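> Quick one: the structure is below, and I'll ask about it shortly.
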Amino acid sequence: MKECQHCKSCFADTVDTCPNDGLPTTHTIAGEPVLEGKYHIESRLGQGGMGVVYKARHSYLKTLHAIKIILPDLVGNDPQLVTRFRQEALAAAAIRHQNVVSVTDYGVINGNIPFLVMEFVEGESLHDLLAREKKLSPARALELMSAICAGVGAAHHQGIVHRDLKPLNIMICTGKPNMSQAVKILDFGLAKIKSGELLGSFIQAQTTGLMGSPYYMAPEQWSDDDPDSRADIYSLGVMLYQMLAGDVPFKGSSIPAIMKKHISDPPPRFNELGAAVSHEVEKAVFHSLAKEPRERTPSVEHMVEELTNAVAPGMTTTPSIHLTAGSALPVSTLNVKTMPPRSRVSIDNIEVGESREDGSLLLEGIQSGNHLLRVSHPGFRDWVGDVVCDGKPQEIVAELRTSAADPMAISMPSPEALAAETMIAGTATGNDLVEPAVASRTAAISSPAVEAAPRRSGMSPILLGIGGLLALIVLVAVGLGAYLFFGRSNVATNSSNTPPSASPTPLAAKNELADIPGGTFSMGRNDGLEDERPAHDVTVGGFRMDKTEVTNAEYYSFVSATGYRPIPAHWVNDKPVPGTEKMPVRFVNLDDIDAFAKWRSDRDGVTYRLPTEEEWEYAAKNGAKNSRFPWGDKFEAKCAVVDRESNEPEAVGTASCQNDWGVVDLIGNVFEWTSSKAEPYPGSKVDTDKSKAGYRMIRGGAAFTKSSGDYAASSTIRIGVAPTKRDKELGFRLVTAAK
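For what it's worth, the working numbering labels the leading residue of the sequence shown as 1, then goes sequentially.
Structure representation (structure tokens):
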């Protein structure tokens, strides 16, 4: 392919002179300007630290796209570039949010040059905006940051960290009515594939003179530690500081000088730079710039809330950060009416605001599907329920009652039936939860005459009034397909005097173990990805393995007994969300698992540990049978929790298939930790990635994993992650020695 260095237009190799300006063309990339026979490259848009971005048009659909071609010489000629790029491209493609540039396709040129097909947006970067306007008012900075944080939050909720947030990676599209629709974030997940992480981050800053990554990198990013979402918060804090002060907080004549200031120097006060910023706003900004991640603003949600309270005290905002993530489905609007007013409202366990004096709160941009809605007020019992949205506007009236309210029941079960339900069918396996409260029920409200609907559990209708408690919620469907599911009551049947803050404690029996005899099997496969090759014989000794992934309930028993911290990020008030007790615990790293294994070992009198990669795959392949899946060689949708649009796991054992020894969920639901280091197989042609020294292998796939294509869920898929990583797709199960 040839390019005109003046107008940046692209042509076939046979075109020696640009027809637009008559200047000679220059050869740039091997091959014709048509990728995979369908993306016709029209012109170069720019070049960054990782590659070149081109404007392209789909040959058949005539749609415009931006295509980023990753040039090996710009990222260190990494021999594993294609593999690493594929992994990060898959992660980036999973983010579906109006404030994130969507990834629509991926490919490889000549076997070694990967490219990414992205949404094409027209506009200017935040860098250009700040270069032109210098400073922004606090109100305008809030508008921008709310939109930026919305996109970043959508990625964080999927366990994806950007790592390279900076004004050059924020686009502001033309032709949009407001910033909430105009902001687009570029390059999610791509910073991670740079060879030599730090050096790769500096290429653009050193070669173009523009403000690059060093000015925005968190202190922990200058070390070997694997950064988490709080590193992004720091970068956002630097951008916010720059918006208000007209300059970044830390500058220097060299990269080491900048690094030193990030690590040890406090940011200059705004008044030192002549910026008229209130103490409250400065406090919110400096909170996001704390040197220690644990002292930093804990989430982008909190960052927006703190800035909102500082800029416009009392302003009720519901940024889409809380409401839209991970789906291209239609969005809905919920008008929540609370009684009493000034009640706190949360959706999907994230607080979105407080209702006004008239009790109203408008929630916009809610993705289609099930959402957990919670309404709370001091002195009143929380209401928790699932709202099913289908793209139509809805109105919900939530009337909260105190414990002194008169009970009202849709249907009163017999005492015997109520007692049986309290056990939640726990006798079937011996491992189910026992909760001293009525189990989760489902009721659909289809008219003012409240009417019970069949419950998913098949039990008798819900008892709304328990021990003098009433939570009456009326749902008025402005559109079609609106249903309300009543969640757990969170109150014991015999505890009418329980304080409003009390909630039941999940109880869990010991996890059941499967006895797996030792043997020899073929590990890996020759027709798989590079890190799955070559197939090789491995012999393992006998062992006992958890039949299911460790659940929230059992992990809660550990936390309750030991006071262990940190608490998994998807819990609320230091406990699993009611109704999720049987789901796999997530957001746990190797330190957390080691502590849990020690506690369980002391409890049971045997030594528990993580399985090795060999033990895990042996169980997943049914030992010497060497099957691709625990149930056989053919994928069956009923057998694995994969291909889930919601990216959320299900209760352990939901998938109906198991291996010969009764172990379930080895494929899908959540990735599972192993104790094995992330290293190539013996005889592999893949070089060891020194930047991932100490990483551990995770296996099996998660709910979002696809059932076909690259990195499809199977017994051989393997991915290396940092041992410190806590992620919404990461769970575990334990093994112990054979009897």
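All C-beta atoms, glycine included, are put in the ideal place defined by N, C-alpha and C. Values in this document were obtained by computation on a predicted structure and should not be read as measured data.
Report the residue from Phe120, Leu361, Gln98 whose alpha carbon sits nearest the alpha carbon of aspartate 105.
Taking only the C-alpha atoms, the option nearest aspartate 105 is Phe120.
> Is histidine 279 close to the ligand ATP? I mean its beta-carbon at under 7 Å from any heavy atom of the ligand.
The ligand content of the structure shown is nil, which means the ligand ATP is not present either.
> Is the region 579-598 touching the region 541-558 in the sense that three or more CB pairs, one from each, lie closer than 8 Å?
Because the criterion of three Cβ pairs below 8 Å is met, the region 541-558 and the region 579-598 touch.
> Taking the CB atoms as reference points, tell me whether aspartate 232 and valine 101 lie closer together than 8 Å.
No, Cβ-Cβ distance for aspartate 232 and valine 101 is not below 8 Å.
> Could you tell me whether the region 644-658 touches the region 597-611, where touching means 3 or more Cβ pairs closer than 8 Å?
No: fewer than three Cβ pairs fall under 8 Å.
> Taking all protein chains shown into account, do 16 or more other C-beta atoms lie within 10 angstroms of the C-beta of glutamine 242, making it buried, or fewer, making it exposed?
Buried is the call here.
> If you drop the 5 nearest sequence neighbours on each side, which residues of the same chain put their C-beta closer than 7 Å to that of valine 721?
The residues are Tyr695, Arg696, Ile698.
> Counting along the chain, where does the alpha helix (DSSP H) carrying aspartate 591 start and finish?
Looking at the DSSP string, the run of the alpha helix (DSSP H) that includes aspartate 591 is 590-604.
> Touching or not, the region 550-569 and the region 661-669, by the rule of three or more beta carbon pairs under 8 Å?
Verdict: no, contact absent.
> Would you please state the rounded distance, in angstroms, between the beta carbons of glycine 731 and proline 517? I believe it to be under 8 Å.
With a Cβ gap of about 25 Å, glycine 731 and proline 517 do not count as contacting.
> For phenylalanine 543, which three-state DSSP category applies?
Strand.
> Identify which residue in Asn99, Phe85, Val103, Ala93 has its Cα closest to the Cα of isoleucine 67.
Nearest of Asn99, Phe85, Val103, Ala93 to isoleucine 67, Cα basis: Val103.
> How would you label histidine 536, buried or exposed, when you count the other beta carbons within 10 angstroms and need 16 or more for buried?
Exposed, since its Cβ has fewer than 16 Cβ neighbours within 10 Å.
> Report yes or no: do three or more beta-carbon pairs, one from the region 129-144 and one from the region 221-230, lie closer than 8 Å?
Result no; under three Cβ-Cβ pairs closer than 8 Å.
> Looking at C-alpha atoms only, which residue of Lys692, Val735, Ile717 is the closest neighbour of alanine 702?
Minimum Cα distance to alanine 702 is reached at Ile717.
> Cβ atoms of leucine 236 and methionine 145: under 8 Å apart, would you say?
Cβ atoms of methionine 145 and leucine 236: closer than 8 Å.
> For lysine 184, report the span of its alpha helix (DSSP H) as first-last.
Looking at the DSSP string, lysine 184 is not in any alpha helix (DSSP H); the run it does join, the beta strand (DSSP E), is 183-185.
> First and last residue of the beta strand (DSSP E) that includes leucine 64?
64-70 is the span of the beta strand (DSSP E), which, as asked, contains leucine 64.
> Quick one: what's got a C-beta closer than 6 Å to histidine 6's C-beta in the same chain, skipping five residues either side?
Around histidine 6: Asp21, Leu23.
> Out of curiosity, what's the CA-to-CA distance linking lysine 638 and serine 707?
Distance between the alpha carbons of lysine 638 and serine 707 is about 12 Å.
> Could you say which of Met545, Ser43, Ser601, Pro568 lies nearest to glutamate 615 if we only look at CA atoms?
The candidate whose alpha carbon is nearest that of glutamate 615 is Met545.
> Is the Cβ-Cβ distance between alanine 147 and asparagine 99 less than 8 Å?
Cβ atoms of alanine 147 and asparagine 99: closer than 8 Å.
> Return the chain-ordered ranges of every alpha helix (DSSP H) run that is complete within the region 100-140 and spans a minimum of 4 residues.
Listed in chain order, they are 126-133.
> Going by DSSP, name the residue or residues bridged to asparagine 573.
Asparagine 573 is not bridged to any residue.
> So, does the region 290-300 touch the region 269-277, judging by three or more C-beta pairs under 8 Å?
With the cut-off at 8 Å, the region 290-300 and the region 269-277 do not touch.
> Please go through the same chain and pick out, in chain order, the residues whose beta-carbon is closer than 6 Å to the beta-carbon of serine 660, but skip the five residues on each side of it.
Per the sequence shown, residue 660 should be read as aspartate rather than serine. Excluding positions up to five away in sequence, the list reads Asn622.
> Please classify glycine 479: does DSSP put it in a helix, a strand, or coil?
Low per-residue confidence applies at glycine 479: pLDDT is 35, beneath 50, and the placement is therefore not dependable enough to give any value.
> Under 8 Å by Cβ, that's how I've got leucine 362 and asparagine 335 pegged, so tell me the actual separation to the nearest angstrom.
With a Cβ gap of about 6 Å, leucine 362 and asparagine 335 count as contacting.
> Are the CB atoms of phenylalanine 704 and alanine 94 nearer to each other than 8 Å?
Contact: yes.
> With DSSP run on the structure shown, which of helix, strand or coil describes proline 584?
Looking at proline 584 - three-state DSSP - the assignment turns out to be strand.
> Please determine, among Ala398, Gly519, Ser560, the residue with the shortest C-alpha to C-alpha distance to aspartate 382.
The option with the nearest alpha carbon to aspartate 382 is Ala398.
> Output yes or no for whether 8 Å exceeds the beta carbon distance between serine 43 and serine 9.
Yes; because the gap between Cβ atoms is below 8 Å, this pair is in contact.
> Would phenylalanine 85 and isoleucine 70 qualify as a contact pair, given that the criterion is a beta-carbon distance under 8 Å?
Their beta carbons are under 8 Å apart, which means phenylalanine 85 touches isoleucine 70 by this criterion.
> Should glycine 51 go down as buried or exposed, given a rule of 16 or more other Cβ atoms within 10 Å for buried?
The residue in question, glycine 51, is buried, as its Cβ has 16 or more Cβ neighbours within 10 Å.
> Assuming arginine 628 contacts serine 714 under a Cβ cut-off of 8 Å, what Cβ separation, rounded to an integer in Å, is found between them?
With a Cβ gap of about 6 Å, arginine 628 and serine 714 count as contacting.
> Checking the sheet assignment: what are the DSSP bridge partners for glycine 252?
DSSP lists no partner for glycine 252.
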